[in-house]
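Engineer: Before I ask anything, let me first share the structure, which is written out below as structure tokens.
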Amino acid sequence: MPELGLASLLLPSAAAAVSLQGDEAEGEAGGGGGRSNDKSTPTTMGKKAMSPKFAFRTKSPNDILDDGYRWRKYGQKAVKNSPYPRSYYRCTHHTCNVKKQVQRQSKDASIVVTTYEGIHNHPCEKLMEAFAPLLKQIQFLTGL
DNA sequence: CGTTTTTGACCCGCGC
DNA sequence: GCGCGGGTCAAAAACG
């Protein structure tokens, strides 16, 4: 399968539909994820790292869009109401517990629904790389 | 060789 | 109490 590379920067102006769905008590995936063994919250439990959820609708012939981070696919399941399967991705950073879900819209196969869960706690490499020369130039001009 | 991708199987929570 | 659904992990294979 071909790679996109800088698709994030070459994104067409179609990726403008941003839907905010910050609601629902998604919490920690109801069913799966049982493998975890550190859920033994003592009496002080109650505070759970609730990760925010953001759904983005992107129109692209490609399934996956590189938003500047590295994603590793860890699962794929078919969804009801949709003839297309849903792909589960995760940030490859060990310090980053961000999850991403990509699902194709049944109405338009060209539309993909990207759902981001969590927040990156590490700088964006791609973005940094893209800004590296620019930042350097800025510093150079500032210092001058 | 390292990393990533793919399929199957497993587990837990909730529903009835 | 049991069954189903959904989600995740694991191992092997493929790719660069």
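Numbering (mature numbering (1 follows the signal peptide of the UniProt record, and there is no 0)), first residue to last: -17 to -1, 1 to 127. We treat Cβ as the ideally placed atom computed from N, Cα and C, and that holds for glycine. Computed from a predicted model, the values in this text were never measured in an experiment.
Note down the Cα distance separating residue 123 from residue 117, rounded to an integer number of angstroms.
Structural biologist: 10 Å
Engineer: Taking its Cβ as the centre, do 16 or more other Cβ atoms sit within 10 Å of residue 57, making it buried, or is it exposed?
Structural biologist: exposed
Engineer: The ligand FAD and residue 101: does any heavy atom of the ligand fall closer than 8 Å to the residue's C-beta?
Structural biologist: The ligand FAD is not among the ligands present in this structure, which contains no ligands whatsoever.
Engineer: Per DSSP, which one or two residues make a beta bridge with residue 37?
Structural biologist: 99
Engineer: Using a 10 Å radius around the Cβ and a threshold of 16 neighbouring Cβ atoms, would you call residue 91 buried or exposed?
Structural biologist: exposed
Engineer: Leaving aside the five residues before and after residue 65 along the sequence, list all residues of the same chain whose C-beta is less than 6 Å from its C-beta, in chain order.
Structural biologist: 89
Engineer: Which whole-angstrom value describes the C-beta separation of residue 101 and residue 80, a residue pair presumed to lie in contact below a C-beta threshold of 8 Å?
Structural biologist: Yes, they are in contact, since the Cβ atoms of residue 101 and residue 80 sit about 6 Å apart, within 8 Å.
Engineer: DSSP state of residue 58, grouped into three classes?
Structural biologist: strand
Engineer: Determine the contact status of residue 40 and residue 95, defining contact as a CB-CB distance below 9 Å.
Structural biologist: yes
Engineer: If residue 83 sits next to residue 67, beta carbons under 8 Å apart, how far is it from one beta carbon to the other, in whole angstroms?
Structural biologist: Actually they do not touch by this definition, with Cβ atoms about 16 Å apart.
Engineer: Taking the beta strand (DSSP E) that residue 88 falls in, what are its first and last residues?
Structural biologist: Bounds of any beta strand (DSSP E) do not take in residue 88, whose DSSP letter is neither H nor E.
Engineer: Could you tell me if residue 127 is buried or exposed, where buried requires 16 or more neighbouring beta carbons within 10 angstroms of its beta carbon?
Structural biologist: exposed
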